[in-house]
Structures are given as C-alpha cells and as structure tokens.
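*Asks:* Here the sequence shown is numbered in our numbering, starting from 4 and rising by one per residue.
Dropping a structure here in structure tokens format, bear with me for questions.
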Amino acid sequence: MRAGANQYGDRRGDGQRRRSRDRKRQAVARVLNDTNPLVVINQIVPVYASFSVPEQNIADIRKYQADGELKVQAGFANSTHPMAAGKLSFIDNSADATTGTIKLKAEFPNTDKALWPGQFVNVVLTLYEQKDAIVAPSAAVQSGPTGQYVYIMKPDMTVELRNIKIARAEGDDTVVAGGLQPGDQVVTVGQLRLAPGTKVNPGKAQTS
C-alpha cells in the first residue's frame, strides 16, 4: 500500500508539473503574440509639425515656395519661450473634402528639444517679407470712380481725401504702395458721412 501510494503520488506530482509548464508556455505565447506595442520611439531631432490651411491659399503657398524655402515658426500659446524656427517640408497632394483644407508639414531642427511629439503648437507660415512696408487698416480703404482712397485726418481735425495705390490686402491689413506716408492717420469708420474738409471728432487713432 505504501508503494502504491508513492506511485500514485509520483504520477500526481508529474501531472502537476506538466500542467504548470503548459501554463507557463501559454502565458509566454500570449505576451509574444500580443499586437500592442511595448514601446514607441519618436524622433525629436529634427521634429515635424503637421497643420492645415484653407485650400484657397494653396496657390499662393506653391507660388512663393517656387521662389525659395518658406519659413515656418511654431510656439505655444501664452508662452514666453521664443518660437521655434523651421521650414515647410511637405504639401499634401489632395484636399480634405470635409473641411476644405490641405495638410502641410514643417520640419524643425529642435536642437534645444523645445518641441515634443504630441504637443499642440501655434504655427506661422511666412510667404514673403517686405521691409519698410506701409500698412493701413483694410477698413480705411474705400473705392471710388478714380480707384481706392482713404480719408486722412489733418492736424486741424479736418479730413482730406487721398487716393492710394494698393500692393495687396491681407485680411485686416492692406499694404499700400503709394499715397500714404508713415504716421498718417486714417479714418476707419463713418466714411460715407465725410467729404474733404469735414471736421471730425477722432477716437483712438490708428497709424499706417
């Protein structure tokens, strides 16, 4: 009986060990076959930022890109850290029909590691730079029989109609190629009630 018990006990013990080994093999197999990544490696030097622009702007972007490398800056809202400087590196070849935008990508050297993968940044794409440009509020520019004009406020608080030549308009700003001088004060509201020589009561002045 003792020998029989020993034999039974050995068989039972062998069975437990075999089952234990089987469970270990299954556990290892589950880990090795798991499709979830254990680690994600991101490149940060250089780093790339993706952003989108309205599809109607792509013609200008391609035009100025043909003349040379386009500068891109990226930074964080309400940050005192200088914006990172980079360049435009990619323009998608199709527009998003849902949003009406086209995806662009910029490359930043990021040697100081100020930009980090997954962060949200504000991006500024510069198409061109014009030094010493005279810029007037677009709201000041009016159209008449002889072309575009603005009302200039003179020192005696009367207004003068001044014809101007526009180089281009960018949203709220208009670049003036002729007709204005630095420091001229222009009228931005109520122009329809004005005529040359009309006295005005200015509010906060805007200078060109």
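Don't be surprised by glycine CBs; every beta carbon is placed ideally from N, CA and C.
All of these numbers come straight from a predicted model, not from anything done at the bench.
What's the C-alpha gap between G182 and T129?
*Replies:* 26 Å
*Asks:* So what's P205 in DSSP terms, helix, strand or just coil?
*Replies:* coil
*Asks:* Assuming contact is defined by CB atoms lying nearer than 8 Å, are A143 and F111 in contact in what I supplied?
*Replies:* no
*Asks:* Using only alpha-carbon positions, find the residue among G193, S53, A198 and P205 that is nearest to W119.
*Replies:* Among G193, S53, A198 and P205, the Cα nearest to that of W119 is on S53.
*Asks:* What residues match up with S53 in a beta bridge as DSSP calls it?
*Replies:* K108
*Asks:* Is the separation between the beta-carbon of V190 and that of M160 shorter than 8 Å?
*Replies:* no
*Asks:* Terminal residues of the continuous alpha helix (DSSP H) containing Q44?
*Replies:* Reading off the sequence shown, one finds Ile at residue 44, where the question assumed Gln. From DSSP, I44 is part of no alpha helix (DSSP H); its letter is neither H nor E.
*Asks:* Decide if N166 is buried, meaning its Cβ has at least 16 other Cβ atoms within 10 Å, or exposed.
*Replies:* exposed
*Asks:* For a quick check, are the C-beta atoms of Q194 and Q145 less than 8 Å apart?
*Replies:* Cβ atoms of Q194 and Q145: closer than 8 Å.
*Asks:* A117 by DSSP, collapsed to three states: which one?
*Replies:* coil
*Asks:* Using a Cβ-Cβ cutoff of less than 6 Å, which residues in the same chain neighbour K74 once the five nearest sequence positions on both sides are dropped?
*Replies:* Excluding sequence neighbours, K74 sits near T129.
*Asks:* Can you list, in chain order, the residues of its chain whose CB lies under 7 Å from that of N113, leaving out five sequence neighbours each side?
*Replies:* Excluding the 5 residues flanking it on each side, N113 has same chain C-beta neighbours closer than 7 Å at I47, V48, P49, V50 and A87, in chain order.
*Asks:* According to DSSP, is A198 part of a helix, a strand, or is it coil?
*Replies:* coil
*Asks:* Using the Cβ count rule (16 or more neighbours within 10 Å means buried), how would you classify A117?
*Replies:* buried
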